[in-house]
Amino acid sequence: MLWNFQVPGLACAGIILLSATRTSAQSFPWATAIPRTQWTVTADSLQAGNEPENVLDGNTSTIWHTQYSPTLAPLPHYIQVDMQKSYVVNGVSYQPRQTGGSNGNIGQHTVALSEDGETWAQVAYGTYLNDATTKRTFFSNATARYVRLAAQSEAQGGGSQWSSMAELNIYSPDPSLDGGALEPPASSAATLGRWETTVDLPLVPAAAALTPAGAVVLWSAYRPDVYAGGTGLTQTVVWDPAAAAEQALAPQTVTDTGHDMFCPGVALGADGRLVVMGGNDNRKTSTYDGEAAWSAGPPMNVGRGYQSAATLADGRIFTIGGSWSGGRFQKDGEIFDPVANTWTNATGCKTAPMLTADAQGVYRADNHAWLFAYKQNSVFHAGPSRNMNWYNTSSPTGSWKAAGRRGTDATDAMCGVAAMYDAAAGLILTAGGSPSYQNSAATRSAHRIALHDTDTDADITVTVTELPPMSHARAFGSAVVLPDGTVLVVGGQAYAVPFTDTTAALAAELFDPGSESDPDPAAAGDGTGTWRTLASVAVPRTYHSVALLLPDATVLAGGGGMCGKGCPQNHLDMQIFAPPYLFVNANSSNSGVAVRAARPKITSVLVAGETGAGAGAGKGAGVALKPGDALRVATSGPVASFSLVRHGSSTHTVNTDQRRVPLAATAAVVTGDGDDEDSDDGPTSYEMTLPDDPGVVLPGYWMLFAIDAAGVPSVATTVQVLLP
């Protein structure tokens, strides 16, 4: 045992040579603990008797602790392992101290890898939950000899400066692989995309929504990792994708609404407010303004949980079903009026036609409806039952009528996915799901639903086309509409069993509609589309996972579990996916490594006749629009197309808020007044008109993307679509 003490700054570093130690580290189908033979460990600080070597001794009663006597060593701190050779690594686990309290529990932190101990690559950051459960940070496969876990804060808060640890393990998809066996992910990123940074969270994100300012609010239940047995409060955290990786992800306990918001209906309102209804507290309504303020809304007339909700063309919010909580009976529709701040029963919007034939009856049969608000204040119900329906909310009590069967689906598709990838043409993708909620085999099936000319009830036509199947059967997955009209499907498992990661699909898939999606609705709907398998996520995203499109055109995927304190299926994290469109193919000029593509930029957005952002622009919005408005958009260079994607919310496979509207653009006439001047390569100013129906361009916050000829999207400009 050799110690090297560094007196300046009262810091010290220990270098320990260890023989093989036994570890009880848990292994997973995607990750196995690497044997800790002959590893060395160093730390920036230690308290005598609590040396860094203790994290490798297999004894949870011994700990590493930073110096607190005779003087205190301040944060930040780090502990670093040299595995003596390069491995393919994909995770690290840290067990907090198991005896003597929680002093030194690591809160805000980073994880970095190195091949030489000099040059480091950060693979994860975030904030760990303050308790004694083992923290696991999984990330995409990488090569490393050295692993460093650095602490920027102590999880208890209050300015404490300690760090401590009982055990540390490092994971590999296969510990027998030498680091040189890994093909660099960058070499295939232009084809497969790339899963990038892992963000650790102090809770399981069972629900998430994009705020008007572009931040993401995530929440669990009354506890960060447990859903049952509580009431009256919710654990939340806000993450800003545009902020530095060192941002503190401070958990917030929402108590002032008296609402446990686990398993609710969710909708983003016309003013950008997040409206959360039902769940564990089954009649409660809470709203979030995007600036850390939660407010109590009026109670629903019917207690609900696991229901779906959708914002209507006139700004009201429709919900239906939800027998998971609040009793098991026929829970017909209900409508929230945000102006009057009231809920009204829509008894003509019947639940019975949308029920699945679930083995557990109505408790599951009315869950997670695929709802799409559309023209004339109608709502199209695409599933998961194989029987589709229309709900009309224009009359005081509402009404319904059948819309036929979903193509060749022989069974229901509970906990499958559905996404409106071209609202102007009325095109919806449905995929996966299982006949029953649990203990049921998922399918690979996919369909395109086309809503034609639904200007009035009498003109509604629904056609369903069978699409090629996905490569993987999925239940409990998520679908995310991308700016170019493709749809990313991530997560899920082949056999639906809640609170498990068995049969999980790690590889993401991309649906490309091809010619069926077109800025001209009259030209859309002819193709059948294709599926492409993409890169694999670091950990399974199954029951209670979420996924959202972010303003920079990347995708957040996170969560899963909520099965109790210390449950290994709890995933208190999320990972960011960069789709293939963000990369340039590998070639000789970039040494065979795919690199980030140069991106177009939107430099200004003006409504016709306006000289500024437009009257009534809300917080976070660069411009306020109305359906039918003509726009002029200036860009940094020539682009090929534009699209609007509505801000999304995600919980339990459902995202009724997201939808995409492609915009047909023409080059603007050059006026020579600066923004309108063309470059030598082509036009940089474009004119386009929004669809004039608020059932297509729903009120609320949207992301406006410019896409160049290579298919590379810009970072979005946020716009608010107002009520007509």
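Mind the numbering: the sequence shown is residues -25 to -1, 1 to 699 in mature numbering (1 follows the signal peptide of the UniProt record, and there is no 0), read in order. Even for Gly, the Cβ is constructed at its ideal location relative to N, Cα and C. Since the structure is predicted, the reported quantities are computational estimates derived from the model, not experimental observations.
{"Check": "Local Cβ density within 10 Å of V629, reported as buried at 16 or more and exposed below that", "Outcome": "buried"}
{"Check": "Cβ pair Y396, V462 closer than 7 Å", "Outcome": "yes"}
{"Check": "Range covered by the alpha helix (DSSP H) that runs through V337", "Outcome": "V337 to A340"}
{"Check": "Burial state of G408 (16 or more Cβ within 10 Å)", "Outcome": "buried"}
{"Check": "C-beta contact flag for N545 and G534 at 7 Å", "Outcome": "no"}
{"Check": "Segments of 3+ residues assigned as beta strand (DSSP E) that fall wholly inside the stretch 181 to 249", "Outcome": "182 to 185, 191 to 194, 209 to 214, 227 to 229 and 240 to 243"}
{"Check": "Option in L287, G254 and P699 with minimal Cα separation from H627", "Outcome": "G254"}
{"Check": "Closest by C-alpha distance to T94, when choosing among T46, V122, N80 and N276", "Outcome": "V122"}
{"Check": "Three-pair Cβ contact test at 8 Å for the stretch 136 to 152 versus the stretch 571 to 580", "Outcome": "no"}
{"Check": "Three-state class that DSSP yields for E28 in the structure shown", "Outcome": "helix"}
{"Check": "7 Å Cβ cutoff met for D19 and H40", "Outcome": "no"}
{"Check": "Contact check, A344 vs T331, beta carbons under 7 Å", "Outcome": "no"}
{"Check": "Sub-7 Å separation of V63 and G154 beta-carbons", "Outcome": "yes"}
{"Check": "N-terminal and C-terminal residue of the beta strand (DSSP E) that L509 is part of", "Outcome": "T505 to S511"}
{"Check": "Near the ligand NAD: G358 beta-carbon under 6 Å from a heavy atom", "Outcome": "This structure lacks the ligand NAD; in fact it carries no ligand of any kind."}
{"Check": "Buried or exposed by the 16-neighbour rule on C-beta atoms within 10 Å, applied to K540", "Outcome": "exposed"}
{"Check": "With 16 other Cβ atoms within 10 Å as the buried cut-off, status of Q13", "Outcome": "exposed"}
{"Check": "Residues bridged to Y146 (per DSSP)", "Outcome": "A8 and G66"}
{"Check": "Collapsed DSSP secondary structure at V663 in the structure displayed", "Outcome": "Per the sequence shown, the amino acid found at residue 663 is Met instead of Val. In this structure, M663 counts as strand in the three-state DSSP scheme."}
{"Check": "Buried or exposed (CB count within 10 angstroms, at least 16 for buried), I310", "Outcome": "buried"}
{"Check": "Same chain, Cβ closer than 7 Å to E90, five either side skipped, listed in chain order", "Outcome": "S61, T118, A119 and R120"}
{"Check": "S195 and A181 closer than 7 Å at C-beta", "Outcome": "yes"}
{"Check": "Contacts around T(-5), its chain only, beta-carbon distance under 6 Å, and the 5 residues preceding and following it disregarded", "Outcome": "With a pLDDT of only 33 at T(-5), under 50, the local geometry of the prediction cannot be trusted, and no value is derived from it."}
{"Check": "Helix, strand or coil at M329 [DSSP, three-state]", "Outcome": "helix"}
{"Check": "Nearest candidate by alpha-carbon position, reference P148, set Q222, R607, D548 and S511", "Outcome": "S511"}
{"Check": "DSSP beta-bridge partners of R169", "Outcome": "A553"}
{"Check": "Residues near L178 by beta carbon distance below 8 Å, same chain, minus five either side", "Outcome": "L104, L193, W194, S195, P199, D200, Q210, T211, V212, P226 and L547"}
{"Check": "Within 7 Å, strictly: CB atoms of A377 and N364", "Outcome": "yes"}
{"Check": "Nearest to residue 717 (by Cα), restricted to the options D632, V67 and G670", "Outcome": "What the structure shows of the chain is the stretch from -25 to 699, and residue 717 is not part of that stretch, so it cannot be assessed."}
{"Check": "Touching by the beta-carbon criterion (3+ pairs, under 8 Å), the stretch 277 to 292 and the stretch 235 to 243", "Outcome": "yes"}
{"Check": "C-alpha gap between E28 and F617, whole angstroms", "Outcome": "56 Å"}
{"Check": "In DSSP terms, what G358 is bridged to", "Outcome": "W345"}
{"Check": "Cβ-based neighbour list, N560, same chain, cut-off 7 Å, excluding 5 preceding and 5 following", "Outcome": "A165 and A569"}
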